[in-house]
Amino acid sequence: MNINTHLAAMPAGYLFAEVARRVKDYQAENPGVELLRLGIGDVTRPLCPAAVDALKQAADEMGTFEGFHGYGPDFGYDFLIDAIIAGDYAPRGVKIGRDEVFISDGAKSDVGNLQELFAADARIAVTDPVYPVYVDSNAMAGRLGDYVNGKWTHLIYLPTNAENGFVPPLPQEKADVIYLCYPNNPTGTVLTKAQLQAFVDYALANDALIIYDAAYKAFISDENIPRSIYEVPGAKRCAIECCSFSKTAGFTGTRCAYTIVPRELSYQGGHFNKMWGRRQATKFNGVSYPVQRAAAAIYTEDGQKQIMESINYYRKNAQVIREGLQKAGVQVFGGVHSPYVWMKTPNEMKSWDFFDLLLRKAHVVGTPGEGFGPCGEGYFRLTAFNTLEKTQAAVQKIVDVL
Ligand code: MLT
């Protein structure tokens, strides 16, 4: 039996599993200590009433002969697809067809699974630092070569850091697939339309695909910053967009997301919309009827108001982190159109060392920048998803330790 040697040889644990492991070990040694968690981007505010009501109503329907739903449509119910098109795209002048929307259980699984569309030897480019799923999932499929001194030998890294204002350069060698995430995880920074246009132009000129992760678009507060890559001319011919209800509406435990695969996307005669539909119909069981009803409910007037209350709450937390650290002389980035604040570690400290220092001395959990890629070394990520009180307490403790 020949095993997947690429998967077997994966370095260390998945970033957030590794963080959780270290935190668990620390808690086992120090059971009395209360930790302030600003690590993984998991939400803390409850589902909004509109979503809860829709869930309850759908559960009641499921208990009746008339309202029972078995297998749903392969790519999601029209009531949710129509709500997404009308709520997220039409107001921004973007035309999306029903057959271009694929409902799923998460942007993480979609960005991992989308690679079944491209060849085993496709050249991958990522911004650095980057959400580790894009890299790890391609490494498991054997596309990235060997992991040497913290870098994959066959991966194209696009460094984004304070020096280039967190605007990634275009690939210098030919990339087949470019992963972009904006607002960015982990740096919390955004790109303007013109900056995104440069990537779309590159993709069109080089027969490349962009996988655009827009999981944090609900945090954008400036109308001029694109929420969808399809606001950029030409993007429907070169980009797939992944969106999620996790951070928009607190669905991290409820699970619902969607991916747009435009009909125009065609490479070597392969139509990605059809290919993705074929893949999903074969391997994915869909999202449950009550959860799709709950997701659709966030597009109602009440639902929109309610989810914005939570988003504004998290925005306030991000401001508390930014301003608290800035006052203490720390260099911070992001956190304005994003729930993530990206800070420079003090005195060029290694990011895992800073993680350990904060865990032990401040009892604060964050995420070390190096876990997001080589250019994340010397940086640290804090999330705005905890309560205001705990966020304030965490910032104070970090400042005290600094
Ligand atoms: C994060 O902390 O980066 C996110 O929670 C990751 C995710 O959504 O999977």
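72 is the number that the numbering used here gives to position 75 of the sequence shown; each next residue is one higher, with no gaps.
Backbone N, C-alpha and C define an ideal beta-carbon position, used for all residues, glycine too.
Given the structure is predicted, the values throughout are model-derived calculations rather than measurements.
- Taking 7 Å as the cut-off, one finds no heavy atom of the ligand MLT near enough to the beta carbon of residue 199.
- Under the DSSP assignment, residue 238 falls in the beta strand (DSSP E) whose first and last residues are 236 to 241.
- DSSP, read as helix, strand or coil, puts residue 376 in strand.
- Residue environment for residue 385: exposed (fewer than 16 other C-beta atoms within 10 angstroms of its C-beta).
- In its chain, beyond the 5 residues on either side, 231, 234 and 235 have a beta carbon closer than 8 Å to the beta carbon of residue 201.
- In terms of side-chain proximity, the C-beta atom of residue 179 is found no nearer than 7 Å to any non-hydrogen atom of the ligand MLT.
- Under the rule that a run must span 3 or more residues, the beta strand (DSSP E) segments found entirely inside the segment 163 to 228 read 174 to 178 and 206 to 210.
- In terms of side-chain proximity, the C-beta atom of residue 105 is found nearer than 7 Å to a non-hydrogen atom of the ligand MLT.
- If you keep only unbroken alpha helix (DSSP H) runs of at least 4 residues inside the segment 66 to 91, you get 75 to 81.
- Judged by beta-carbon spacing, residue 373 lies beyond the 8 Å limit of residue 342, meaning their Cβ atoms are not closer than that value.
- Where residue 150 is concerned, there is no enclosing alpha helix (DSSP H), because DSSP gives it neither an H nor an E.
- Judged by DSSP in its simplified three-state form, residue 128 adopts coil rather than helix or strand.
- Closest option to residue 251, judged by alpha-carbon separation, among 44, 5 and 68: 44.
- A distance of 8 Å or more separates the beta carbons of residue 260 and residue 26.
- Rounded to the nearest whole angstrom, the CA to CA distance from residue 10 to residue 69 is 35 Å.
- Residue pairing by DSSP places residue 329 opposite 340 in a beta bridge.
- For residue 98, the enclosing beta strand (DSSP E) has its first and last residue at 98 to 101.
- Of the residues 387, 399, 378 and 262, the one whose Cα lies closest to the Cα of residue 126 is 378.
- In the structure shown, residue 138 adopts coil according to DSSP, grouped into three states.
- Placement of the Cβ of residue 154 at a distance of 7 Å or more from every heavy atom of the ligand MLT is found.
- Cβ contact annotation for residue 136 (same chain, cutoff 7 Å, sequence separation greater than five): 3, 7 and 149, in chain order.
- By the Cβ-count criterion, residue 223 is buried, with 16 or more other Cβ atoms from all chains shown falling within 10 Å of its own Cβ.
- Two segments are said to touch when three or more pairs of C-beta atoms, one from each, lie closer than 8 Å; by this definition the segment 112 to 125 does not touch the segment 281 to 299.
- Judged by DSSP secondary structure, residue 395 falls within the alpha helix (DSSP H) whose first and last residues are 385 to 398.
- The residues 342, 365, 366, 367, 373, 374, 375, 376 and 377, in chain order, have a CB closer than 7 Å to that of residue 348 in the same chain once the five nearest residues on each side in sequence are set aside.
- Residue 105 counts as buried, since no fewer than 16 other beta carbons sit within 10 angstroms of its beta carbon.
- Relative to the non-hydrogen atoms of the ligand MLT, the Cβ of residue 62 never comes closer than 7 Å to any of them.
- Three or more Cβ pairs closer than 8 Å define a contact, and the segment 174 to 190 meets that threshold against the segment 324 to 341.
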